[in-house]
Amino acid sequence: MINFELEEEQQLIRDTVVSFARDEVRPHAREADEKGHIPSDLVQKGWELGLVQSMIPEEFGGFGNAHSAITGAVVAEELAYGDLSIAMHLLAPRLVTVPLVAFGSPALKKAVLPRFSGERFEAASAAIMEPRMDFDAMAPASTLKRDGDDYLLDGEKCLVPLGNEARHFLVVASLANGTGEAHPQALVVDRETPGLTVGERERNMGLKALATTRVSFDRCKIPREHLLGDAAAVTRLSNLWRVAQASMAVGVARAAYDYAREYAKERRAFGQAIAQKQAIAFMLAEMAMEVDAMRLLTWEAAWRLDRQEDATREAHLAKRYAADMALKVTDNALQVLGGHGYIRDHMVELFLRNARSFAMLEGLAIA
Amino acid sequence: MINFELEEEQQLIRDTVVSFARDEVRPHAREADEKGHIPSDLVQKGWELGLVQSMIPEEFGGFGNAHSAITGAVVAEELAYGDLSIAMHLLAPRLVTVPLVAFGSPALKKAVLPRFSGERFEAASAAIMEPRMDFDAMAPASTLKRDGDDYLLDGEKCLVPLGNEARHFLVVASLANGTGEAHPQALVVDRETPGLTVGERERNMGLKALATTRVSFDRCKIPREHLLGDAAAVTRLSNLWRVAQASMAVGVARAAYDYAREYAKERRAFGQAIAQKQAIAFMLAEMAMEVDAMRLLTWEAAWRLDRQEDATREAHLAKRYAADMALKVTDNALQVLGGHGYIRDHMVELFLRNARSFAMLEGLAIA
Amino acid sequence: MIDYELSPDIAATRDQLHMLAEHAMRPIARDYDEREHEKPWDFINMMWQLSKNSGIGPGASKDKKDKTTDAERNLRTCIAVEELSWGDAGLYLAMPGPGLGGAAVMAAGTPEQKDRFMSRFKGDKPVWSAMAITEPGCGSDSAAIQTTAARDGDHWVLNGTKIFCTSGLMAGDPTKSNGFIVVWATVDRSAGRAGIKSFIVNAGTPGMTVAKCEDKLGIRASDTATLIFEDCRIPADQILGSPEVPKTSEGFKGVMATFDATRPIGAASALGVGRAALDFVRDELKRQNIPIRYGTATHKLTVIERDFMDMEASLQAARLLTWRAAWMMDRGQKNNLEASMAKAKAGLVVTQVTQKAVELLGPLGYSRDLLLEKWMRDAKINDIFEGTQQINMMIIARRILGYSSKELS
Amino acid sequence: MIDYELSPDIAATRDQLHMLAEHAMRPIARDYDEREHEKPWDFINMMWQLSKNSGIGPGASKDKKDKTTDAERNLRTCIAVEELSWGDAGLYLAMPGPGLGGAAVMAAGTPEQKDRFMSRFKGDKPVWSAMAITEPGCGSDSAAIQTTAARDGDHWVLNGTKIFCTSGLMAGDPTKSNGFIVVWATVDRSAGRAGIKSFIVNAGTPGMTVAKCEDKLGIRASDTATLIFEDCRIPADQILGSPEVPKTSEGFKGVMATFDATRPIGAASALGVGRAALDFVRDELKRQNIPIRYGTATHKLTVIERDFMDMEASLQAARLLTWRAAWMMDRGQKNNLEASMAKAKAGLVVTQVTQKAVELLGPLGYSRDLLLEKWMRDAKINDIFEGTQQINMMIIARRILGYSSKELS
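Protein chains in written order, with numbering that gives the first Met the number 0: chain A, 0 to 366; chain B, 0 to 366; chain C, 0 to 408; chain D, 0 to 408.
Shown next as structure tokens:
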């Protein structure tokens, strides 16, 4: 039966994240962007929300809550509302824990998951993107080859969050099967693996507070138990990324919309608030409408995932739609502020730079 | 040296066509659309403007003016401003005469061109479009095969203007060469050719006043001298179509813009003219801007063609841009009129139906 | 708890109506588009019987007393309307039933009025009711209504002209049905919005004449009538709500509130037309073995794939906004903002989706041999009636900014 | 006679400036984006020498007396500015020369004033001038200017704060150049627009201080200054135009007319940025052997092909609108409408084109290792400064509708 209301527990989680995003994240957003650094005490505070530990099984020291893509979507949106870079930093550990809990071998779970049940923030990462115009997450240029009982991983990845801190990386590479065809395979790679090189800190237009690096793999030996499921696992994981990134797009768009709306009500020109001008008012109305539309589409994909159904269509469409609209909304928000929007005294230019990333992002967050 | 002004003679031609479109064409547009018929005396009056005869060489009874794509573009825009269907009907003879003058064999010119130098309107047509979703004018499904000294033409065409009246058709079919590759070949086909069948009058969303039919070719024997040049000829002809159709898109868009602007200045709501509302005023401003933009792009392609340069890029981009914008402008014009725009008492719904045709049209007019 | 699955009860209604749309509406859709102003009586009578017997149809659910259904009445109506409009929007609009007039009675009428006027929808012969708001001189600006209602003893006397009245012929012409028209008129022009009241005028009331039915771009199976009121006298008790003219325009707000219920229904009708076009394109692509590769990187997609995905996503976005607005109504929440979002988005999306669908099919899309071009013509009305795109954006803007109609107009 | 070909003279200028843009601007573009607020003095001095010696550069053509050049002065300037902005929009804006301030003097100054203030642009050291209009309390609404100019004997006394003054630092700080600022101020606030006059304030005039340079999204090589005027006294003859306050706001219209000349230049600068992005994408596609198949049916195109074609067409549309506006100016025709069309279209198009280009290149487009992301940041200013998108649409609307600023605001 149709219902668009979160259940009580999800609402409680949201309320917690909402105030954290408002009181802790947003106040640091601008400085973090300018300095390219997120204060470690902020990261620790975020850790203590338990967003990572919550769905780690109790046997590995977590709270053992069932994983929910919808809850993940809500958390991602609200944190991204505060700041996209900080949200991705705080949620980065999930890039390894969520896939591991879902598809990891008992041995790997036992070896890795406990690290994420401690008191202190434990970094993890995903090396999914590749530095090429024709990158396709479902057909990466990075390769995984059978080598006896093990596998050999080769390739170069970019936009790897916390590449310098992370001990473990979720990686997707093309695994050639017998028939010469290849399918995308997910695996977990330990940074100590010989042949793995973490590159320089990257410099991007947005996501400046998020420490991303390149990571290259040169004949890295991967034990078979480090592989996560099969191609179907990658499909599910990629849909979980899309949901998380679509939700973050909603959060950034909403942040820009709220900022522009409040500005337009304050700012006066031609003897009235600029929000009283149709050209501005209708822009704001469209933003409000699209923010809701983006979320409704994204939650549908999340809902399917929570029912363990294939959500490739819904997740793909939601992510595309959310990415396009996030750009449009943040660009219009800047337009509403006019010259002030172009100045870094205001947040909207930051929202725009961050929003531009969604169309190309794959695997920088997971619901 | 950059110059956006028509030369004097072109201005004179335009002025003539402008008043004809205003005084003769527009007043008939609605009734012609409803009845699916264009009065023959209107067609005859149009003929007497000499738009067809003008560039037929004097030796064949014409005025022998040099062909100019820019002049053709101006004429097409102004006639289409009056009404698209009527414009296409009046200019249909050029579909055969222009290609013939440019690429026809002496024998064919001698046989055909004099028919178009008379006192009375002489219908001609082009069978270019094909009734398929994946139609591509440059790679038609219709085929032309070598057969001794002659050729055999097979295929089905649609949206053939004046199919029932025309004695001659310009046709483009795929000509297989030795190596198994095919290139598009233009030719002139006489309706008396055995195997040629003219179908029923078509029924379309727009262009209702224009009598289009299907035409099918079943092993039609085509004498070699009926072929017009080579693949390069088709390229030039197709660019001339694109310029003509882009110009007609400008004409229809401008008609809708003018209609909506005048309505918006008259119509009052909330105590003022609706044009005084930013939402409406900015829509009209955008229409005005795009109408000029469409024309400037189209004339650039026409200018290249008049310099005998390849204009494929310019003509293709201009046609695409004009087709998209004509739809947007006419749709917005209807929106400006609101409920009244949806009623056939006003012209804008007709403009919208006609404008929707441009994106798919190929070869229904030639500059 | 978040749930995107329709309840089995509603899903069953949807499936029934889909059959009906496919087998009873699609086959005659082109006919009644070409034969404008002719009425599909066989279809009308069949629908009337159906809705009385099986409770199918948008009108029907309102009468059903079954609790589970009532709890989702508005959503159920939206689902039903999408299916029927998928069949044909013009035929859907031509269907007998309470429609907008009935909605107004249900929203603002006294129990006695509801009983008196809604009961006729339970009779054997099809009955229509309609709402008459727009006038030659006022479109979106309802406050500028010129039609007057003057009290004369036990009667109200109406004078004025109404246009664009959907089903005005069927509801207002006694030879068509024993229907009624809800007419907006001012009892005190100086009072502006506050002076506007709505009145129930029975079909055949002397002084009310159906002067004209418009020739339209689309939805031609449905009549769009001009009604003229010349000293049209109706009993005093046929006013909806109180005859008092309040100091504020609260009363008018009450009348406008009708639209919070009807806008999602209008949006749902739009969705049906848009989905008809989308389904058609999907089937055609399948026929030609052109795949839609979801999950593939954008730069690997063809133009057709991306266009189709964009159409699909925006249509679903509009659908979810529509469902949410109806769902809120069912929960008794205010949905003025959400209802306008649904209507604005759906109207725009289906206009674009149907226009794009025609383009994708090329010559076939443009031909009247297929229904695609008709759906494009039918779709555009959704950008206009029951609140134009601009009016809905205005309402959204006022709500998010907390502005009055004075502060933002 | 229609002609889309640049005259050889202008084409030569374009080619020279393209070399310059490619070899003198591109190599330092990233540097001065990262090192915000640092000034590219080497580049500045080189440009100054160049424009003096070879007449290259937008400032230069103004001085050239050669007839053929002058006949196309505005078009020539647009071509030059597009090339320089193709090199780098921030560096272009940072270039010394008359700029907006000089344009105002040329448009509204007396022969004596032109001589006195323009002559310094012929000196050995780089000189800037700037225009100060915007205030903290007024953006697009120039009529709401609060800065006052009071007559005191042989002087005007200016008080107020100006923001968003492009090159305000270089023109207003005497340690940077012997420049001047053209300041908009009101001599009679009660007179509204009619009371607004512009005044020439020399760099270093006591009472004028450069208070701040903004941190911006893009065009960081160019300073955007806040200027504070506290009892800033300037000689009475440094007012532009007559000190009288006319009954109508004709005078103000005169001041605004400056923009008819500068908007096409602003549009041309936008085009340069957009073309930089388009060229980059074209080269990258070529590198990867991805063809752009002009003349191919749309449904056979890939997403990349169509996106690229749309970018190319809309950019060219904006360019042609820009050339037309400049061409009209050169012919002495009023181009207020066309200048606003050019600016509105160019600002919007380059914003979209650069944003799309970043998307097409994926991770590479987003990286600061390439210049694409910078061009996207630089491009957005064109939607805003020298008349926002909305202001230009407003001007277009007023002109096509024949409305005054009262009738449409």
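Glycine included, C-beta positions come from ideal geometry on N, C-alpha and C. These figures come from a predicted structure and were not determined experimentally.
query                                                                                                                                                                                               : result
Using only the alpha-carbon positions, how far apart do residue 333 of chain D and residue 70 of chain D sit?                                                                                       : 16 angstroms
Applying the criterion that 16 or more other CB atoms from any shown protein chain within 10 Å of the CB defines a buried residue, is residue 18 of chain C buried or exposed?                      : exposed
Answer yes or no: does any C-beta atom of chain F fall closer than 9 angstroms to that of residue 375 of chain D?                                                                                   : This model lacks chain F altogether; the protein chains it does include are A, B, C and D.
What's the gap between the Cα of residue 302 of chain A and the Cα of residue 262 of chain A?                                                                                                       : 35 angstroms
Look at the Cβ atom of residue 278 of chain A, then the Cβ atom of residue 278 of chain B, and state whether they are nearer than 9 angstroms.                                                      : yes
Relative to the C-alpha of residue 16 of chain A, which candidate in A:91, A:49, A:0 has its C-alpha closest?                                                                                       : A:49
Contact criterion: CB-CB distance below 9 angstroms. Does residue 103 of chain D meet it with respect to chain B?                                                                                   : no
Can you list the residues of chain A that residue 383 of chain D reaches, using a CB-CB cut of under 7 angstroms?                                                                                   : 337, 338, 341
What are the residues in the stretch 254 to 284 of chain B lying within 7 angstroms of chain A by C-beta distance?                                                                                  : 276, 277, 278, 281
Pick helix, strand or coil for residue 130 of chain D, following the three-state DSSP scheme.                                                                                                       : strand
List, in order along the chain, the chain D residues whose C-beta lies closer than 8 angstroms to that of residue 203 of chain B?                                                                   : Ordered by position in chain D, no residue passes the 8 angstroms Cβ test against residue 203 of chain B, which lies about 19 angstroms from the chain.
Would you mind sorting residue 40 of chain C into buried or exposed? The rule is 16 or more other CB atoms within 10 Å of its CB.                                                                   : exposed
Where does residue 293 of chain A land, buried or exposed, given buried means 16+ other C-beta within 10 angstroms?                                                                                 : buried
Suppose contacts are defined by Cβ-Cβ distances below 9 angstroms. Is residue 285 of chain B in contact with residue 207 of chain D by that definition?                                             : no
Which of the three DSSP states is assigned to residue 55 of chain A in this structure?                                                                                                              : coil
With a 10 Å radius around its C-beta and 16 neighbouring C-beta atoms as the bar for buried, classify residue 120 of chain A as buried or exposed.                                                  : buried
Find out if the Cβ-Cβ distance for the pair residue 215 of chain B, residue 154 of chain B is shorter than 9 angstroms.                                                                             : yes
In this structure, what does DSSP give as the bridge partners for residue 211 of chain A?                                                                                                           : A:160
Let me check one thing: in DSSP terms, what residues is residue 412 of chain C bridge-paired to?                                                                                                    : No information on residue 412 of chain C is available, as it lies outside the stretch 0 to 408 that chain C covers here.
Cβ of residue 3 of chain B less than 9 angstroms from any chain C Cβ?                                                                                                                               : no
Run through DSSP, which three-state label would residue 123 of chain D get?                                                                                                                         : coil
Taking buried to mean at least 16 other C-beta atoms within 10 Å of its own C-beta, is residue 353 of chain B buried or exposed?                                                                    : buried
Do the stretch 180 to 189 of chain D and the stretch 122 to 130 of chain D meet, that is, are 3 or more Cβ pairs less than 8 angstroms apart?                                                       : yes
Using a beta-carbon distance cut-off of less than 9 angstroms, what residues from the stretch 16 to 40 of chain A approach chain D?                                                                 : 33
I'd like to know whether the C-beta of residue 393 of chain C is nearer than 9 angstroms to at least one C-beta of chain A.                                                                         : yes
Keeping to the same chain, check which residues put their C-beta closer than 6 angstroms to that of residue 222 of chain B; ignore five residues upstream and five downstream.                      : 149
Are any of the Cβ atoms in chain D nearer than 9 angstroms to that of residue 367 of chain A?                                                                                                       : The structure shown does not extend to residue 367 of chain A, since chain A spans only 0 to 366, so no value can be given for it.
Since residue 59 of chain B and residue 53 of chain B are thought to touch, with beta carbons under 8 angstroms apart, how far apart are those beta carbons, to the nearest angstrom?               : Not really, about 12 angstroms apart at Cβ, beyond 8 angstroms.
Starting from the beta carbon of residue 10 of chain C, find every residue of chain A whose beta carbon is closer than 8 angstroms, and list them in chain order.                                   : Ordered by position in chain A, no residue passes the 8 angstroms Cβ test against residue 10 of chain C, which lies about 10 angstroms from the chain.
Is the Cβ of residue 236 of chain B closer than 9 angstroms to any Cβ of chain C?                                                                                                                   : no
Enumerate in chain order the residues of its own chain whose CB-to-CB distance from residue 388 of chain D is below 8 angstroms, with the five nearest sequence positions on each side excluded.    : 343, 346, 347, 382
Taking a cut of 7 angstroms between CB atoms, which residues from the stretch 291 to 309 of chain B lie near chain D?                                                                               : 291, 292, 295, 296, 298, 299, 302
Taking all protein chains shown into account, decide if residue 196 of chain A is buried (16 or more other Cβ within 10 angstroms of its Cβ) or exposed.                                            : exposed
Identify the contact partners of residue 315 of chain B in chain D, using a Cβ-Cβ distance below 7 angstroms as the criterion.                                                                      : 293, 294
Using beta carbons (cut-off 9 angstroms, strictly below), is residue 214 of chain D in contact with chain A?                                                                                        : yes
Which whole-angstrom value describes the C-beta separation of residue 371 of chain A and residue 254 of chain A, a residue pair presumed to lie in contact below a C-beta threshold of 8 angstroms? : This structure does not reach residue 371 of chain A, given that chain A is present from 0 up to 366, and the question cannot be answered.
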